[in-house]
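**Student:**
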Amino acid sequence: MQDHHTLSPEKIDRFWSLVDKSGGPDACWPWKLAPDFWGYGKFTYDGRRSVRKSYRAHRFAYIVTFGIEDDSLFVCHRCDFRMCCNPAHLFLGTALDNTRDCMAKGRMNVTHKFGKDHYLAKVDEDKVKAIISMRDKGMSITKIACEFGIKDATVSSIVRGLTWKHVTGRSVETHGGNYSPSKISDDAAALILRWYIPGDKEFGQGPLAKRFGMSRTGVSSIITGRNRKAIHR
Numbered sequence: 546m547q548d549h550h551t552l553s554p555e556k557i558d559r560f561w562s563l564v565d566k567s568g569g570p571d572a573c574w575p576w577k578l579a580p581d582f583w584g585y586g587k588f589t590y591d592g593r594r595s596v597r598k599s600y601r602a603h604r605f606a607y608i609v610t611f612g613i614e615d616d617s618l619f620v621c622h623r624c625d626f627r628m629c630c631n632p633a634h635l636f637l638g639t640a641l642d643n644t645r646d647c648m649a650k651g652r653m654n655v656t657h658k659f660g661k662d663h664y665l666a667k668v669d670e671d672k673v674k675a676i677i678s679m680r681d682k683g684m685s686i687t688k689i690a691c692e693f694g695i696k697d698a699t700v701s702s703i704v705r706g707l708t709w710k711h712v713t714g715r716s717v718e719t720h721g722g723n724y725s726p727s728k729i730s731d732d733a734a735a736l737i738l739r740w741y742i743p744g745d746k747e748f749g750q751g752p753l754a755k756r757f758g759m760s761r762t763g764v765s766s767i768i769t770g771r772n773r774k775a776i777h778r
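Here is the structure:
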């Protein structure tokens, strides 16, 4: 955003005209217009050289009130009402702070389930043991996959020790050191996919890459499905 001091009073007045302050200084101030897909208000205005700019309404409220903007930080809600634009209900936080806040408020399922209880599981413990036995006897990965009606990649991950390690006891095969395990978890990748907003100042590829400590190319590979295809299913 351009420096908040250079925003015209008309732009700022237009913003606040779209916020319902009728509840008083301590109440939530809802955004009057329709929420976006994620349930947040969205404010759009003409920036420099007539370039249209969009911000989540609560973030804009925080910036014009406190004069602070840091692309590496989230503007979080103390009230847990996403449409609220009352600056007294907002605070700055890191990606980790935001995730912890989601967890504390019960907006994120943080129970990590293993094996057949995992929501992406295609096999169970007995089938995994059978797959390992068949592979040890020389059966091809493709034939094993056909036997169980699953993908070759699923069988390969089991055999290589990428998945179901608690059953197989196998460690990851490196194949001469060419395999490099991902530096972020599946949960983090799912968050990237969930939070991504094309071209957004806070949730675009660049800002997400910065928050999760990875390259923009890595974020792009998750969003497009070139990496972590399972979370797209």
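Per our numbering, residue 546 is the first one in the sequence shown, and the count goes up by one each step. Ideal placement from N, C-alpha and C gives every residue a C-beta, glycine not left out.
#1: Quick check on this structure: which residue in Ser678, Leu753 and Pro575 has the alpha carbon closest to the alpha carbon of Ile742?
#2: On the three-pair Cβ rule with 8 Å, is the stretch 730-738 touching the stretch 695-713?
#3: Within 10 angstroms of the Cβ of Ile613, are there 16 or more other Cβ atoms? Answer buried if so, exposed if not.
#4: Taking all protein chains shown into account, do 16 or more other C-beta atoms lie within 10 angstroms of the C-beta of Gly586, making it buried, or fewer, making it exposed?
#5: Smallest Cα separation from Pro554: which of Phe582, Tyr590 and Gly569?
#6: Would you report the Cα separation of Lys746 and Lys667, rounded to the nearest angstrom?
#7: Are there 16 or more other CB atoms within 10 angstroms of the CB of Thr769, so buried, or fewer, so exposed?
#8: State yes or no: is the C-beta of Phe588 within less than 9 Å of the C-beta of Phe560?
#9: Helix, strand or coil: which one does DSSP assign to Cys691?
#10: Could you give the uninterrupted runs of the beta strand (DSSP E) lying entirely in the stretch 590-638, keeping only those of 3 residues or more?
#11: In angstroms with no decimal places, state the Cα-to-Cα distance between Trp583 and Val764.
#12: Nearest by alpha-carbon distance to Lys577: which of Ile695, His603, Lys710 and Ile686 is it?
#13: For Arg771, report the span of its alpha helix (DSSP H) as first-last.
#14: Mind checking who Val564 pairs with in its DSSP beta bridge?
#15: Please return the same chain residues whose Cβ sits closer than 7 Å to the Cβ of Val673, not counting the five positions on each side in sequence.
#16: Identify the continuous alpha helix (DSSP H) that holds Glu670 and give its terminal residues.
#17: Could you pull out every residue in the same chain whose Cβ sits closer than 6 Å to the Cβ of Ile557, ignoring the five residues on either side in sequence?
#18: Can you grab the Cα-Cα spacing for the pair Ala633 / Leu738, in whole Å?
#19: Near Phe626, which residues of its chain fall below 6 Å by C-beta distance, leaving aside the five closest residues on each side in sequence?
#20: Residues in its own chain within less than 7 Å of Asp751 by CB, not counting five upstream and five downstream?
**Tutor:** Looking at the coordinates:
#1: As a first step, residue 742 is located in the sequence shown; it is residue number 197 there, counting from the start. Nearest C-alpha to Ile742: Leu753.
#2: They do not touch, by the three-pair rule.
#3: The sequence position of residue 613 within the sequence shown is 68, counting from 1. By the neighbour-count rule (16 or more Cβ atoms within 10 Å), Ile613 is not buried but exposed.
#4: Taking the first residue of the sequence shown as 1, we reach residue 586 at position 41. By the beta-carbon neighbour count (other beta carbons within 10 angstroms, threshold 16), Gly586 is buried.
#5: The sequence position of residue 554 within the sequence shown is 9, counting from 1. Checked all of Phe582, Tyr590 and Gly569; the closest Cα to Pro554 is Tyr590.
#6: Stepping through the sequence shown from its first residue, residue 746 is reached at position 201. Stepping through the sequence shown from its first residue, residue 667 is reached at position 122. Lys746 and Lys667 have their C-alpha atoms roughly 38 Å apart.
#7: For the purposes of this step, residue 769 is identified with residue 224 of the sequence shown, where counting begins at 1. So Thr769 counts as exposed.
#8: By one-based count along the sequence shown, residue 588 stands at place 43. By one-based count along the sequence shown, residue 560 stands at place 15. Contact flag set, yes.
#9: Your numbering for residue 691 matches position 146 in the sequence shown. Secondary structure at Cys691: helix, using DSSP grouped into helix, strand and coil.
#10: Runs found: 597-601, 619-622 and 635-638.
#11: Indexing the sequence shown from 1 puts residue 583 at position 38. Indexing the sequence shown from 1 puts residue 764 at position 219. So the alpha carbons of these two residues sit roughly 19 Å apart.
#12: Along the sequence shown, read from residue 1 onward, the residue named residue 577 stands at position 32. Minimum Cα distance to Lys577 is reached at His603.
#13: Taking the sequence shown and counting its residues from 1, the one referred to as residue 771 is at position 226. Premise fails: Arg771 is in no alpha helix (DSSP H) and is neither H nor E.
#14: Taking the first residue of the sequence shown as position 1, residue 564 is located at position 19. Answer is Trp576, bridged to Val564.
#15: For the purposes of this step, residue 673 is identified with residue 128 of the sequence shown, where counting begins at 1. Around Val673: Ile703, Trp709, Val712 and Thr713.
#16: By 1-based counting over the sequence shown, the position of residue 670 is 125. Residues Glu670 to Asp681.
#17: On the sequence shown, residue 557 is found 12 positions in, with the first residue counted as 1. For Ile557, the CB contacts under 6 Å within the same chain, skipping 5 residues up- and downstream, are Val609 in chain order.
#18: Residue mapping note: residue 633 aligns to position 88 of the sequence shown, counting from 1. Residue mapping note: residue 738 aligns to position 193 of the sequence shown, counting from 1. If I take the Cα positions, the gap works out to 30 Å.
#19: Counting from 1 along the sequence shown, the entry for residue 626 is found at position 81. Cβ within range, chain order: Cys573.
#20: Against the sequence shown, residue 751 aligns to sequence position 206. According to the sequence shown, residue 751 is Gly rather than Asp. Once the five neighbours on either side are set aside, the close Cβ partners of Gly751 are Arg761.
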